[in-house]
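K.L.:
Sharing a structure with you now.
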């Protein structure tokens, strides 16, 4: 039973963390970039979370180049995606 109590306490902390994360992302992303990241989150949530963590890391280290534009976010998304593996089938 004691395991259930920390779960109940963790929920507000997680909500508070998500609210802080959203606030920081609003500050460092342009409106177009924020819209693109939300669209990516619907299709590939793991990629969006990875990019969000990267952006928050940049901001926390003071290395964010002002507000990130849609074009800059496109480049970050392209570099964060795993390269697709191409298979070539040789017929004999």
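In the numbering used here, the protein residues as written are 1 to 92. Note that beta-carbon positions come from the ideal geometry of N, C-alpha and C, so glycine has one too.
Are the region 37–45 and the region 61–69 touching by the rule of at least three beta carbon pairs closer than 8 Å?
P.N.:
No: the two stretches stay apart, fewer than three of their Cβ pairs being nearer than 8 Å.
K.L.:
Cβ of residue 37 within 7 Å of Cβ of residue 19?
P.N.:
Residue numbering aside, residue 37 sits at position 37 when the chain shown is read from its first letter. Residue numbering aside, residue 19 sits at position 19 when the chain shown is read from its first letter. Result no, Cβ atoms of residue 37 and residue 19 do not sit closer than 7 Å.
K.L.:
Between the Cα of residue 22 and those of 12, 52 and 46, spot the shortest distance and give me the residue it belongs to.
P.N.:
What you label residue 22 is simply residue 22 of the chain shown in a count that begins at 1. With distances taken between Cα atoms, residue 22 lies closest to 52.
K.L.:
Start and end of the alpha helix (DSSP H) containing residue 49?
P.N.:
As a first step, residue 49 is located in the chain shown; it is residue number 49 there, counting from the start. Where residue 49 is concerned, the enclosing alpha helix (DSSP H) stretches over 45–61.
K.L.:
By a C-beta neighbour count over all protein chains shown, 10 Å radius and 16 as the cutoff for buried, is residue 73 buried or exposed?
P.N.:
For the purposes of this step, residue 73 is identified with residue 73 of the chain shown, where counting begins at 1. Buried: at least 16 other Cβ atoms inside 10 Å.
K.L.:
Reducing DSSP to helix, strand and coil, say where residue 76 ends up.
P.N.:
Taking the first residue of the chain shown as 1, we reach residue 76 at position 76. Looking at residue 76 - three-state DSSP - the assignment turns out to be helix.
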